[in-house]
Amino acid sequence: MAVLADGIQEGEVPETETLIDIADFMRIFVEKCHHEKEDNHLFPLLAWKGVPIAECPIGPLTHEHKAAGKLTVDLDAAVEAYQKGSREKGEFLVKTLHGFVELYPGHIWKENYLLFPMTDKILDELKQRELVKNFGVVERKIGTDAHQRFEQLAERLEARERNKEKEK
Ligand SMILES: [Fe+2]
Numbered sequence: 003m004a005v006l007a008d009g010i011q012e013g014e015v016p017e018t019e020t021l022i023d024i025a026d027f028m029r030i031f032v033e034k035c036h037h038e039k040e041d042n043h044l045f046p047l048l049a050w051k052g053v054p055i056a057e058c059p060i061g062p063l064t065h066e067h068k069a070a071g072k073l074t075v076d077l078d079a080a081v082e083a084y085q086k087g088s089r090e091k092g093e094f095l096v097k098t099l100h101g102f103v104e105l106y107p108g109h110i111w112k113e114n115y116l117l118f119p120m121t122d123k124i125l126d127e128l129k130q131r132e133l134v135k136n137f138g139v140v141e142r143k144i145g146t147d148a149h150q151r152f153e154q155l156a157e158r159l160e161a162r163e164r165n166k167e168k169e170k
């Protein structure tokens, strides 16, 4: 997204397919998979175990999920508007992409170094198994091939970037 935003700012016109792929990834994988697993299953379970939900890390993580949800809606709108083509719409797209770039590294850091180690300490094996079962329900809703499709998308995006580098 950072590379894409820089390119647009420098006057490059990204392929429509790339924009649609990224908007799909954010809507399906991030919103319907990542956020749903945490907001609807993990966080309520931790709250039930007595973890204060307004404090760090759950408070800021929930806030960031909401911010990312808004950015995802903006991204769909920005991609659609950009395809219809005005310079002003390009600025909206760049602003939205930058929003994700600013939000996610810190979000993932808090999850990897605070949320997951804490969860591992608080939930016993039985509760963790229950959580995995519930995550399975979320996975089936987005489609069991979703992860494979998004791995292929990552490979396609990498290949597109490599080809662009070669053309330079
Ligand atoms: Fe999250």
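Using the working numbering, read the sequence shown as starting at 3 and increasing by one per residue. All residues carry an ideal CB built from backbone N, CA and C; glycine is no exception.
What's the C-alpha gap between residue i and residue j?
i	j	result
E19	E82	12 Å
L116	D26	28 Å
T64	D41	7 Å
V96	D126	44 Å
P54	W111	20 Å
V15	H36	30 Å
A161	K51	45 Å
N136	K129	11 Å
K166	D76	27 Å
Could you tell me if the beta carbon of residue i falls within a distance shorter than 7 Å of some heavy atom in ligand 1?
i	result
L38	It is Glu, not Leu, that sits at residue 38 in the sequence shown. Incorrect: E38 has no Cβ contact closer than 7 Å to ligand 1.
E33	no
E104	no
H67	yes
L48	no
K99	It is worth fixing the name first, because residue 99 is Leu in this sequence and not Lys. Flag unset: Cβ of L99 not near ligand 1.
H43	no
E57	no
Thinking residue i and residue j are a contact (beta carbons under 8 Å), I'd like their distance in whole angstroms, please.
i	j	result
F45	A148	Contact flag wrong, Cβ pair sits at about 22 Å.
I10	G92	6 Å
T74	R131	Actually they do not touch by this definition, with Cβ atoms about 31 Å apart.
E66	H100	No, E66 and H100 are not in contact; Cβ-Cβ is about 15 Å, not under 8 Å.
Could you give the first and the last residue of the continuous alpha helix (DSSP H) run that contains residue i?
i	result
A56	Careful: A56 lies outside any alpha helix (DSSP H) and carries neither H nor E.
R151	A148 to E169
P46	F45 to W50
G13	That residue, G13, is in no alpha helix (DSSP H); it is neither H nor E in DSSP.
F27	T18 to F27
L128	E127 to I144
I124	F118 to I124
Flag residue i as yes when its Cβ comes closer than 7 Å to any non-hydrogen atom of ligand 2, and as no otherwise.
i	result
E141	The model depicted lacks ligand 2 and carries ligand 1 instead.
Would residue i count as contacting chain D if we go by Cβ distances under 8 Å?
i	result
E132	The structure shown contains no chain D; it holds only a single protein chain.
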